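**Q** The opening position of the sequence shown corresponds to residue 2 in this note's numbering, with each subsequent residue numbered one higher. Glycine included, C-beta positions come from ideal geometry on N, C-alpha and C. All figures in this text were calculated on a predicted structure; none of them were measured in a lab.
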Amino acid sequence: MRRLNLKYIVLCLVLAVWSCNSGSDKEPTEQELVVKALTKTWGIAPGRSVVFQGLDASVFWADFELSFTDRRSFTVSGVPSGYDDVWPASGTFTFPDPKDPNLIERNDGVFIRIEIISETRVELVFELNDTGGSAFGTSGNYRFMLASGS
């Protein structure tokens, strides 16, 4: 009888621990899934990768790399001289609309639309309103088609 009671107590404890742990696993939000998909280093995709005002500007951005982190920050390298207002060297981003996981806002106030996102490709579209950047004529619409090796 004592052995049966001990088995019953152990079984109850196991079930209690299991039931407590199973409720803590929540599904990730859409924003968390986007952050996870973005978290890597992206480079210029082959072909017409950077479009400015409808014109191919890829040749100027050939060395561009954009790295996102899971802490909602980014760093860039290979920005053409004078175009720091298009992509600052580093920054953070947020999701300004909780219902729209494909819209992010950089800490400098630029809203970026994520049009395509996959394991190996991301397409970012935004409009820059130049506030006195060092390069003439950086205001306008940008489309960055980026690729990742992983």
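With H, G and I counted as helix, E and B as strand and the rest as coil, what does DSSP make of F75?
**A** Here residue 75 refers to the residue found at position 74 of the sequence shown. Three-state DSSP puts F75 in a strand.
**Q** If you check the beta carbons only, do N130 and I115 fall under 8 Å apart?
**A** Residue 130 sits at position 129 when you count from the first residue of the sequence shown. Residue 115 sits at position 114 when you count from the first residue of the sequence shown. Cβ atoms of N130 and I115: not closer than 8 Å.
**Q** Count the other C-beta atoms from every protein chain shown that fall within 10 angstroms of the C-beta of L34, then say buried if there are 16 or more, exposed otherwise.
**A** The residue given as residue 34 occupies position 33 in the sequence shown. With fewer than 16 other Cβ atoms within 10 Å, it is exposed.
**Q** Grab the span of the alpha helix (DSSP H) containing V87 for me, first residue to last.
**A** Looking up residue 87 in the sequence shown gives position 86. Where V87 is concerned, there is no enclosing alpha helix (DSSP H), given that its DSSP letter is neither H nor E.
**Q** Between E91 and T70, which are expected to be in contact by the criterion C-beta below 8 Å, what is the C-beta distance as a whole number of angstroms?
**A** Indexing the sequence shown from 1 puts residue 91 at position 90. Indexing the sequence shown from 1 puts residue 70 at position 69. It should be pointed out that residue 91 corresponds to Ser in this sequence rather than to Glu. Not confirmed; about 10 Å, so no contact.
**Q** Is the closest heavy atom of the ligand SAH to the C-beta of V126 under 7 Å?
**A** As presented, the structure is devoid of all ligands, the ligand SAH included, so that no description of it is given.
**Q** Please decide whether E28 counts as near chain D, where near means a Cβ-Cβ distance under 8 Å.
**A** No chain D is part of this structure, which consists of one protein chain only.
**Q** Excluding the 5 residues preceding and the 5 following K37 in the sequence, name in chain order all residues of the same chain whose CB lies nearer than 6 Å to its CB.
**A** Within the sequence shown, numbered from 1, the residue matching residue 37 stands at position 36. Counting only Cβ-Cβ distances below 6 Å, and skipping sequence neighbours, we find nothing.
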